[in-house]
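K.L.:
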Ligand code: GLU
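In this note's numbering, the protein residues as written are 17 to 484.
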């Protein structure tokens, strides 16, 4: 049998790490088994579903290189299909119309609370047919068989059993004629011939309801895999409402898509001690049996470690493209400084986060902001002014702008003033970048070019004149 999986997000928020994990596992399972992977958008909650979130789903999957074979199917376009089946179910008595008003249902609920009973529909309309032709508002409920159990096998958790006494005849079509979430999921999975459902554990409680619908329409029961939750450091479940976990935010913040894929893959699945997987390896090695039963904790340090690993593995061309992208998101004009093809090497090893990348960009493409540095007076003062003036003269006089000639200028200046290299490097670093940390000063001077270096040193001298 051909394996068919699907990713079925509701577009009610930005995709987070947990959503993408189920997408990744479903996709890998399909790819590993030479099966099919379908993208379906579950947007029947018309109030909360938004176009921007649909776009976010597509953009996120594309960025992560998770490709789908069919779709995106939109549930909102399939309402007629769902309602046709509901009508058939009414005809063959698998479902019935419920005319109970909100008030009546509320009264029933209150009574059950008072009696300490489980809150559920009391089956009032289960056997009433006399109202069926009247023009009264109604919902449609599934007629679930009494005194039975629903048992299903979850790949991670084994056998899970639900007693029907726990369930009521739940609504499958609301009074506005729109079918409910559990119903649409089942019909879609049936029509799309889904063999394996991989989704978050929050859906375990929906599963017996869905199996009741499956039984009512005579469909096959798919294989269920409910993956455990992901929490933040404090043990709180991560949610779509928390924009910190929005995957595309990671893109904006300088994380590579392969970093995210690797991190998410291992967050709930293991393959011995192996940490690093190419996308091809993932497709070859993924299986359901190594999925963890326990919840996973999101660890930003591990994500950063992985990002550093992958940044350092980028080819020259990819590093340049990556830096170009970052300069666009961070609004940095890279025409105003060294060419990326001369600069890219400096980004290797030094960067694992966007802040570090951004700091490096600022060094090369923005003017130093002396006022922001509280230690500035220690380095730009009347004593260091003379050193900067000599450096300016000597650097101007360099004919061939090479590392060697720059190094000679620094050595001569050290000799004249009898100070350490460390000290002179710090004065220059502050004058040129405004920062106490930077790549080696010789590299910066060389890469920035003569014109810019002289410009910065002049500005530093003027700063001293104005502030002493
Ligand atoms: N639409 C559901 C969600 O976003 C997923 C339903 C399913 O996978 O069965 O949580």
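Virtual Cβ for every residue (Gly too), placed ideally from N, Cα, C.
Report the partner residues of residue 295 according to the DSSP bridge assignment.
P.N.:
Residue 295 is not bridged to any residue.
K.L.:
Do you know offhand how far residue 429's Cα is from residue 440's?
P.N.:
The alpha-carbon atoms of residue 429 and residue 440 are separated by roughly 8 Å.
K.L.:
Straight-line CA distance for residue 436 to residue 427?
P.N.:
Distance between the alpha carbons of residue 436 and residue 427: 10 Å.
K.L.:
Tell me whether residue 431 is buried or exposed, calling it buried when 16 or more other Cβ atoms sit within 10 Å of its Cβ.
P.N.:
Its Cβ having fewer than 16 others within 10 Å, residue 431 is exposed.
K.L.:
To which residues of the same chain is residue 220 closer than 6 Å at the C-beta, ignoring the five residues directly before and after it?
P.N.:
Excluding residues within five positions, the ones whose Cβ falls inside 6 Å are 242.
K.L.:
The beta strand (DSSP E) with residue 209 in it runs from where to where?
P.N.:
It is not in any beta strand (DSSP E) - residue 209 carries neither H nor E in the DSSP assignment.
K.L.:
Would you mind working out which of 456, 312, 380 and 281 sits nearest residue 350, comparing C-alpha positions?
P.N.:
Selected option, being the one with the closest Cα: 380.
K.L.:
Indicate, with yes or no, if the ligand GLU has a heavy atom lying under 7 Å from the CB of residue 58.
P.N.:
It does: the Cβ of residue 58 is within 7 Å (strictly closer) of some heavy atom of the ligand GLU.
K.L.:
Closest to residue 23 by CA distance: which of 87, 66, 118 and 49 is it?
P.N.:
Taking only the C-alpha atoms, the option nearest residue 23 is 87.
K.L.:
If we count Cβ pairs, one from each stretch, closer than 8 Å, do we get three or more for the segment 39–47 versus the segment 57–71?
P.N.:
No, they do not touch.
K.L.:
Going by DSSP, name the residue or residues bridged to residue 111.
P.N.:
Paired residues: 158.
K.L.:
So within the segment 114–190, which uninterrupted alpha helix (DSSP H) runs reach at least 4 residues, ignoring any that extend past its ends?
P.N.:
Listed in chain order, the complete alpha helix (DSSP H) runs (minimum 4 residues) inside the segment 114–190 are 118–130.
K.L.:
Can you list, in chain order, the residues of its chain whose CB lies under 7 Å from that of residue 359, leaving out five sequence neighbours each side?
P.N.:
If we look at residue 359 and ignore the five residues flanking it on each side, its Cβ neighbours are 380 and 463.
K.L.:
Distance, Cα to Cα, residue 234 vs residue 48?
P.N.:
One C-alpha to the other measures close to 29 Å.
K.L.:
Under 8 Å, with one C-beta from each stretch per pair, do the segment 50–63 and the segment 163–176 reach the 3-pair mark?
P.N.:
Segments in contact, no.
K.L.:
Please report how far the alpha carbon of residue 82 lies from the alpha carbon of residue 327, in whole angstroms.
P.N.:
Their backbone Cα atoms lie some 20 Å apart in a straight line.
K.L.:
Would you check if there are 3 or more beta carbon pairs closer than 8 Å linking the segment 328–346 to the segment 410–422?
P.N.:
These segments do not touch.
K.L.:
Pick out whichever of 317, 422 and 374 has its Cα sitting closest to the Cα of residue 458.
P.N.:
Minimum Cα distance to residue 458 is reached at 422.
K.L.:
So what does DSSP say about residue 34, is it helix, strand or coil?
P.N.:
Reduced to three states, the DSSP call for residue 34 is helix.
K.L.:
Any heavy atom of the ligand GLU inside 7 Å of the beta-carbon of residue 348?
P.N.:
No, the ligand GLU has no heavy atom inside 7 Å of this Cβ.
K.L.:
Kindly indicate which three-state DSSP category residue 484 falls into: helix, strand or coil?
P.N.:
Here residue 484 sits in coil by DSSP.
K.L.:
Counting along the chain, where does the beta strand (DSSP E) carrying residue 86 start and finish?
P.N.:
Residues 86–90.
K.L.:
What is the C-beta distance between residue 237 and residue 227, in whole angstroms, given that I count them as a contact (C-beta under 8 Å)?
P.N.:
The Cβ separation is near 6 Å, so the contact holds.
K.L.:
So what's residue 98 in DSSP terms, helix, strand or just coil?
P.N.:
Helix, per DSSP.
K.L.:
Could you check if residue 153 is buried or exposed, using at least 16 other CB atoms within 10 Å of its CB as the buried criterion?
P.N.:
Exposed, by the Cβ-count rule.
K.L.:
Does the ligand GLU have a heavy atom nearer than 7 Å to the CB of residue 419?
P.N.:
Flag unset: Cβ of residue 419 not near the ligand GLU.
K.L.:
Look at the Cβ atom of residue 54, then the Cβ atom of residue 79, and state whether they are nearer than 8 Å.
P.N.:
Cβ atoms of residue 54 and residue 79: not closer than 8 Å.
K.L.:
In terms of residue numbering, what span does the beta strand (DSSP E) encompassing residue 241 cover?
P.N.:
Looking at the DSSP string, the run of the beta strand (DSSP E) that includes residue 241 is 239–243.
K.L.:
With a threshold of 6 Å on Cβ separation, who are the neighbours of residue 224 within its own chain once the five nearest residues in sequence on each side are excluded?
P.N.:
Closer than 6 Å at the Cβ level, and outside the excluded window around residue 224, lie 166 and 178.
K.L.:
State the start and end residues of the unbroken beta strand (DSSP E) segment that holds residue 23.
P.N.:
Its beta strand (DSSP E) spans residues 20–23.
K.L.:
For residue 285, which of helix, strand or coil comes out of DSSP?
P.N.:
In the structure shown, residue 285 sits in a strand (DSSP, three-state: E or B).
K.L.:
Along the chain, where does the beta strand (DSSP E) containing residue 319 start, and where does it finish?
P.N.:
Note, residue 319: premise wrong, no beta strand (DSSP E); alpha helix (DSSP H) at 316–327.
K.L.:
Take the Cβ of residue 142 as the centre, count every other Cβ of all protein chains shown within 10 Å, and call the residue buried at 16 or more, exposed below.
P.N.:
It counts as exposed.
K.L.:
Could you tell me which residues DSSP puts in a beta bridge with residue 312?
P.N.:
Answer is 246.
K.L.:
On the CB-based measure, 16 or more other CB atoms within 10 Å of its CB, does residue 204 come out buried or exposed?
P.N.:
Buried, by the Cβ-count rule.
K.L.:
Return yes when at least one heavy atom of the ligand GLU lies under 7 Å from the C-beta of residue 195, else no.
P.N.:
Not so, every heavy atom of the ligand GLU lies at least 7 Å from the Cβ.
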